[in-house]
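Data block below; observations after.
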């Protein structure tokens, strides 16, 4: 039965687990950094509102960290369950950065998170502050190793083919870890994570301020979130330019599909909106900005950008018969949603800074509603950005080396995958309900109150929070 095709179901299952897991990753990375900044502000100023913000957003950070760990473990099982031929082909290379991530970065991060959770009244303030910074750096380092593994799928380097075993083998770990695609993806991903975290801070702070509560605590959070969202958004577009150049060099077909460009063109325009033929072979109508695509691809307005049809001919000559273009409409619109939602988030941040300047508070309720509901913009932008990255690489699972259809497990039936797909969907649905309820309950509760208590053996007092979530 066609609906029991193992390849199609395996792709749906991996897509489900990956997208669901990725919802927690940028929140965790960005929130760890923001919590470290709040705690640094408390350490330097002794202002209790910064301690409250540290513990409050630290609770949200821990909720997402726990959920990210659970979903991440399931995702890694997919390689052995449904993609064993892929694992056999590329495991010697793909496993190296993943081993670094698990044995070095993740355990480093988890260890210091534990020290941070249980070290509030046991470690000196400066040393305790160092633990959250170490946890944040561990999360960022973990992201880099995963991106290095993914970059090999986009741009294979540092390998040699073993014709007897029919697999790629590692010959240069330095080349794998410093893949040009990984170096370009890394700042783009981290900046996106900061956008996600700061957008959540803006939303939570706006919700409390609009209800007239926790003003002294939430106003500095709101302003920091707005500045962080704007700054990371601007830097995101700059890093995106570098990533685009690297993508054109490694996968010109992806850029051609992202722009719905069918014929090789000098001085290519950037399509804001495009309609193509049903078979995706040519364009019917579009709205374009002259020369902009060439500038984005080559940094010259007259540069030549290769088109889908010409690249298809070249790939057939290089790799044999087959269709080497991705699903154009998915790649095209994912690229635009990624850029558009990121731009809207930056615009919201700019407007928010204007309306709250000089201790002002807007009275229009719609301004507050926009601030509250702006939190998903960067998260959706990052999610569709990864869909663009992975879908734009098709039909390759490792570009130029292994097609996606050749990576699926041969001994797994479509029914097996369907059963596990349904099970994962149900479990993830339950986890989603738990996550949302925990997150909303914690966010709506607001920062815990402060009590002052005497330090043993002296007349000094120190702040102690009441009713913290951990």
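In our numbering, the protein residues as written are 715 to 1184.
Using N, Cα and C, we set each Cβ at its ideal position, and we do this for glycine too.
(1) Quick check on residue 883: does DSSP put it in helix, strand or coil?
(2) For residue 1188, count neighbouring C-beta atoms within 10 Å of its own C-beta (all shown protein chains included) and say buried if the count is 16 or more, exposed if not.
(3) CB-CB under 7 Å to residue 1131, same chain, minus the five flanking residues each way: which ones, in chain order?
(4) Run through DSSP, which three-state label would residue 1117 get?
(5) Does the Cβ of residue 752 have 16 or more other Cβ atoms within 10 Å, making it buried, or fewer, making it exposed?
(6) Keeping to the same chain, check which residues put their C-beta closer than 7 Å to that of residue 901; ignore five residues upstream and five downstream.
(7) Taking residue 1207 as the reference, give the member of 978, 1143 and 1061 with the closest Cα.
(8) So, for residue 1005: in the same chain, excluding its five sequence neighbours on each side, which residues have a beta-carbon less than 7 Å away from its beta-carbon?
(9) Nearest to residue 733 by alpha carbon, out of 1147, 1118, 1134 and 1096?
(10) With a threshold of 8 Å, are at least 3 pairs of Cβ atoms found where one atom belongs to the stretch 883-898 and the other to the stretch 852-869?
(11) Tell me whether residue 731 is buried or exposed, calling it buried when 16 or more other Cβ atoms sit within 10 Å of its Cβ.
(12) DSSP on residue 1134, reduced to helix/strand/coil?
(13) If you run the structure through DSSP and keep just helix, strand and coil, what is residue 722?
(14) Classify residue 1173 as buried or exposed, calling it buried when 16 or more other Cβ atoms lie within 10 Å of its own Cβ.
(15) Quick check: the Cα distance between residue 1064 and residue 1028, rounded to an integer number of angstroms?
(16) How many angstroms separate the CA atom of residue 1057 from the CA atom of residue 1114?
(17) Let me know the secondary structure DSSP gives residue 1050 once reduced to three states.
(18) So, residue 846 versus residue 743, is the Cβ gap smaller than 8 Å?
(19) Please state whether DSSP places residue 985 in a helix, a strand or coil.
(20) Can you tell me whether residue 769 is buried or exposed? The criterion is at least 16 other CB atoms within 10 Å of its CB, across all chains shown.
(21) Residues in its own chain within less than 7 Å of residue 876 by CB, not counting five upstream and five downstream?
(22) Which class does residue 1112 belong to by DSSP, given the choice of helix, strand or coil?
(23) Where does the unbroken beta strand (DSSP E) through residue 976 begin, and where does it stop?
(24) Can you check whether the CB of residue 964 is closer than 8 Å to the CB of residue 1025?
(25) For my contact list, residue 1049 and residue 972 are in at a C-beta cut-off of 8 Å; report their separation, rounded to the angstrom.
(26) Under 6 Å Cβ to Cβ from residue 1119, same chain only, skipping five residues before and after it: list those, please.
(27) So, do the stretch 780-796 and the stretch 1144-1158 have three or more beta carbon pairs nearer to each other than 8 Å?
(28) According to the neighbour-count rule (16 or more other Cβ atoms, all chains shown, within 10 Å of its Cβ), is residue 1074 buried or exposed?
(29) Where does residue 1074 fall in DSSP's three states?
(30) Please go through the same chain and pick out, in chain order, the residues whose beta-carbon is closer than 7 Å to the beta-carbon of residue 740, but skip the five residues on each side of it.
(31) Within the continuous beta strand (DSSP E) that includes residue 1038, where are the two ends?
(32) Going by DSSP, which residues form a beta bridge with residue 1019?
(33) Which runs of the beta strand (DSSP E) fall wholly inside the stretch 845-894 and span at least 3 residues, in chain order?
(34) Determine the burial state of residue 927: buried for a count of at least 16 other Cβ atoms within 10 Å of its Cβ, exposed for fewer.
(35) So, residue 793 versus residue 819, is the Cβ gap smaller than 8 Å?
(36) When the Cα of residue 1159 is compared with those of 934, 967, 771 and 962, which residue comes out closest?
Let's see:
(1) Mapped onto the chain shown, residue 883 falls at position 169. Looking at residue 883 - three-state DSSP - the assignment turns out to be strand.
(2) Outside the shown range of the chain (715 to 1184) lies residue 1188, about which nothing can therefore be said.
(3) The sequence position of residue 1131 within the chain shown is 417, counting from 1. Excluding residues within five positions, the ones whose Cβ falls inside 7 Å are 720, 723, 724, 727 and 796.
(4) Along the chain shown, read from residue 1 onward, the residue named residue 1117 stands at position 403. Strand at residue 1117.
(5) Within the chain shown, residue 752 is the residue found at index 38, counting from 1. Looking at its Cβ environment, which holds 16 or more other Cβ atoms inside 10 Å, residue 752 is buried.
(6) The residue labelled residue 901 in the question sits at position 187 within the chain shown. The residues are 953.
(7) This structure gives no information on residue 1207, because the portion of the chain shown stretches from 715 to 1184.
(8) The residue labelled residue 1005 in the question sits at position 291 within the chain shown. Here the set comprises 981, 983 and 1015.
(9) Counted from its first residue, the chain shown places residue 733 at position 19. Among 1147, 1118, 1134 and 1096, the Cα nearest to that of residue 733 is on 1096.
(10) yes
(11) Against the chain shown, residue 731 aligns to sequence position 17. Buried, by the Cβ-count rule.
(12) Locating residue 1134 in the chain shown gives position 420, where the first residue counts as 1. Residue 1134 falls in the helix class under three-state DSSP.
(13) Here the question's residue 722 lines up with position 8 in the chain shown. In the structure shown, residue 722 sits in a helix (DSSP, three-state: H, G or I).
(14) Walking along the chain shown from the start, residue 1173 turns up at place 459. Because the pLDDT of residue 1173 is 49, which lies under 50, any placement of that residue in the model is unreliable, and the question is left without a value.
(15) The residue given as residue 1064 occupies position 350 in the chain shown. The residue given as residue 1028 occupies position 314 in the chain shown. In a straight line, the C-alpha of residue 1064 is about 45 Å away from that of residue 1028.
(16) Sequence index remark: in the chain shown, residue 1057 carries index 343 (1-based). Sequence index remark: in the chain shown, residue 1114 carries index 400 (1-based). The alpha-carbon atoms of residue 1057 and residue 1114 are separated by roughly 33 Å.
(17) For the purposes of this step, residue 1050 is taken as the residue at position 336 of the chain shown. Three-state DSSP puts residue 1050 in a helix.
(18) Translated into the one-based positions of the chain shown, residue 846 becomes position 132. Translated into the one-based positions of the chain shown, residue 743 becomes position 29. No. Outside cutoff.
(19) Taking the first residue of the chain shown as 1, we reach residue 985 at position 271. In the structure shown, residue 985 sits in a strand (DSSP, three-state: E or B).
(20) As a position in the chain shown, residue 769 is number 55, starting the count at 1. With 16 or more Cβ atoms within 10 Å of its Cβ, residue 769 is classed as buried.
(21) Counting from 1 along the chain shown, the entry for residue 876 is found at position 162. Correct list, in chain order: 883.
(22) Residue mapping note: residue 1112 aligns to position 398 of the chain shown, counting from 1. Strand at residue 1112.
(23) Indexing the chain shown from 1 puts residue 976 at position 262. Premise fails: residue 976 is in no beta strand (DSSP E) and is neither H nor E.
(24) Locating residue 1025 in the chain shown gives position 311, where the first residue counts as 1. Locating residue 964 in the chain shown gives position 250, where the first residue counts as 1. Taking 8 Å as the Cβ cut-off, residue 1025 and residue 964 do not qualify as a contacting pair.
(25) Translated into the one-based positions of the chain shown, residue 1049 becomes position 335. Translated into the one-based positions of the chain shown, residue 972 becomes position 258. Indeed, because the Cβ distance is near 4 Å, the residues count as touching under 8 Å.
(26) Working through the chain shown from its first residue, we reach residue 1119 at position 405. Result list for residue 1119: 721, in chain order.
(27) yes
(28) In the chain shown, counting from the first residue as 1, residue 1074 sits at position 360. Classification for residue 1074: exposed.
(29) On the chain shown, residue 1074 is found 360 positions in, with the first residue counted as 1. If DSSP states are grouped into helix, strand and coil, residue 1074 belongs with coil.
(30) Along the chain shown, read from residue 1 onward, the residue named residue 740 stands at position 26. Contacts found: 906, 907, 910, 1093 and 1096.
(31) Within the chain shown, the letter at position 324 stands for residue 1038. From DSSP, residue 1038 is part of no beta strand (DSSP E); its letter is neither H nor E.
(32) Numbered from 1 along the chain shown, position 305 holds the residue referred to as residue 1019. Paired residues: 979.
(33) 873-876 and 881-884
(34) Here residue 927 is taken as the residue at index 213 of the chain shown, counted from 1. With fewer than 16 other Cβ atoms within 10 Å, it is exposed.
(35) Indexing the chain shown from 1 puts residue 793 at position 79. Indexing the chain shown from 1 puts residue 819 at position 105. Taking 8 Å as the Cβ cut-off, residue 793 and residue 819 do not qualify as a contacting pair.
(36) As a working mapping, residue 1159 is identified with position 445 in the chain shown. Cα-wise, what sits closest to residue 1159 is 771.
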